[in-house]
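Here's the structure, in C-alpha cells; my notes come after.
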Amino acid sequence: MENENNKEVSQNFSFFKNADVQEYFADLNIELLSGRHIQNDRFYLYKLLKDYFNELSYYYEKVYGLELIMESREDSKYYYVDYPDASKGALANPSRHKKLTQKQTLIGIILLNMYYERYFESKKEVRFADIKKEIKESDNNILYKKLFFNKVQDDYLEGDWSLKVIKPFKSVLREFNKLGWITNLAVEDGEDIHFVLREPIIRFQKLYEKEITNFTEFSEKYLSQL
Numbered sequence: 001m002e003n004e005n006n007k008e009v010s011q012n013f014s015f016f017k018n019a020d021v022q023e024y025f026a027d028l029n030i031e032l033l034s035g036r037h038i039q040n041d042r043f044y045l046y047k048l049l050k051d052y053f054n055e056l057s058y059y060y061e062k063v064y065g066l067e068l069i070m071e072s073r074e075d076s077k078y079y080y081v082d083y084p085d086a087s088k089g090a091l092a093n094p095s096r097h098k099k100l101t102q103k104q105t106l107i108g109i110i111l112l113n114m115y116y117e118r119y120f121e122s123k124k125e126v127r128f129a130d131i132k133k134e135i136k137e138s139d140n141n142i143l144y145k146k147l148f149f150n151k152v153q154d155d156y157l158e159g160d161w162s163l164k165v166i167k168p169f170k171s172v173l174r175e176f177n178k179l180g181w182i183t184n185l186a187v188e189d190g191e192d193i194h195f196v197l198r199e200p201i202i203r204f205q206k207l208y209e210k211e212i213t214n215f216t217e218f219s220e221k222y223l224s225q226l
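As C-alpha cells, this is what we get:
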C-alpha cells in the first residue's frame with residue numbers, strides 16, 4: 001500500500017481490488033465530486049485518501065481531468081478535488097458545477113471574517129448572537145446593514161432579523177455544511193443557528209478573492225440588483 005508521500009505511482013487502477021477501497025470508495029467519490037472537503041472526522045474516507053493519495057490522484061486526473069488536492073491549515077489536513085487551471089475537466093457541463101449566488105457569497109465573506117477573528121480558538125463555534133454582532137458592529141457594518149436590510153439604523157425588528165438574516169443564513173449554512181466548510185451543531189432552546197467554522201472555508205477565500213478584495217464594488221453591484 002502506498003501513502004501520500006510515496007512518489008512512485010502505480011499507473012493502473014489495481015488498487016480498486018483492495019477490500020478497504022471496495023468498501024468505502026463509492027461514498028468517497030460521491031462526496032468529492034459533490035465538492036465536499038474531507039477531514040479526519042470522516043475517518044474511513046479520510047484514511048482512504050491518506051493511504052491511496054497517489055493512486056486516487058492518478059484516477060481523478062485520468063477519469064475526470066480533476067486534481068486531488070491535500071492542504072493543511074492549523075495542523076489539520078483536508079482533501080478535495082479541483083479543476084486544473086483554465087479547465088473544468090470532465091465536469092465542464094454547467095449542470096455539474098455552480099457558482100455561489102451573491103447572497104451565498106456575502107454570507108461566505110462574513111463567515112470568513114469570523115473565521116479569522118477566531119483564528120486562535122481551537123473550536124470556532126458561532127451562534128446567531130455572534131452573527132448579529134458582526135452585522136451591527138464590524139468594520140463593514142454599514143454595508144452589511146444595507147445588504148441585508150436595505151437601510152441603515154441602530155437595530156431592526158425581530159421579524160426582520162428572522163426573515164432577512166436568519167432564514168438566508170440557515171439556507172447557506174446547509175450548503176456550506178455539505179462542502180465541509182462548516183459543521184452544523186444542535187441548537188439549544190431559543191437558538192436558530194449554531195455551527196463550527198472549519199479549516200476548509202479558506203477555500204472560499206481562494207475562489208472569491210476578487211469579491212473579497214473589492215468588497216465595496218461587490219456590495220454596490222449587489223445593491224443595484226435589489
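full-length UniProt numbering puts the first residue of the sequence shown at 1, with every later residue one more than the last. Ideal placement from N, C-alpha and C gives every residue a C-beta, glycine not left out. Please read all numbers here as calculations on a predicted model, not as lab measurements.
Are the beta-carbon atoms belonging to Ser-34 and Lys-178 less than 9 Å from one another?
For the purposes of this step, residue 34 is taken as the residue at position 34 of the sequence shown. For the purposes of this step, residue 178 is taken as the residue at position 178 of the sequence shown. For Ser-34 and Lys-178, yes; Cβs fall inside 9 Å.
Nearest-angstrom beta carbon gap, Gln-104 and Glu-175 [assumed within contact, 8 Å]
Locating residue 175 in the sequence shown gives position 175, where the first residue counts as 1. Locating residue 104 in the sequence shown gives position 104, where the first residue counts as 1. The beta-carbon distance between Glu-175 and Gln-104, rounded to whole angstroms, is 7 Å. This is short enough to meet the 8 Å contact definition.
In chain order, which alpha helix (DSSP H) runs of at least 4 residues are fully inside the segment 163-195?
Contiguous alpha helix (DSSP H) elements confined to the segment 163-195 occur at 167-179, taking only those with 4 or more residues.
Is it buried or exposed, Val-63, if we count other Cβ atoms within 10 angstroms and call 16 or more buried?
Reading the sequence shown from its first residue, position 63 is the one you call residue 63. Taking all protein chains shown into account, Val-63 has fewer than 16 neighbouring C-beta atoms within 10 Å of its C-beta and is therefore exposed.
Going by DSSP, name the residue or residues bridged to Tyr-80.
The sequence position of residue 80 within the sequence shown is 80, counting from 1. Beta-bridge annotation (DSSP): Tyr-80 is paired with Ile-69.
Check whether the Cβ of Lys-206 lies closer than 9 Å to any Cβ atom in chain B.
Annotation note: the requested chain B is absent from the structure, which comprises a single protein chain.
Please report the distance separating the alpha-carbon of Ile-38 from that of Tyr-78.
The count along the sequence shown starts at 1 and reaches residue 38 at position 38. The count along the sequence shown starts at 1 and reaches residue 78 at position 78. Rounded to whole angstroms, the separation of the alpha carbons of Tyr-78 and Ile-38 is 5 Å.
Own chain residues within Cβ distance below 7 Å of Lys-156, not counting five before or after:
As a working note, residue 156 is residue 156 in the sequence shown. The sequence shown places Tyr at residue 156, rather than the Lys named in the question. Once the five neighbours on either side are set aside, the close Cβ partners of Tyr-156 are Phe-149.
Are there three or more Cβ pairs, one per stretch, closer than 8 Å when the segment 100-114 is compared with the segment 204-222?
Output reads yes: the segment 204-222 touches the segment 100-114.
Contact check, Ile-193 vs Ile-166, beta carbons under 9 Å
As a working note, residue 193 is residue 193 in the sequence shown. As a working note, residue 166 is residue 166 in the sequence shown. Going by C-beta atoms, Ile-193 is nearer than 9 Å to Ile-166.
Check Asn-93 in the structure and name its three-state DSSP category.
As a first step, residue 93 must be located in the sequence shown, where it is residue number 93. Confidence at Asn-93 is low in this model, with a pLDDT of 44, below 50, so the placement of that residue is unreliable and no value is reported for it.
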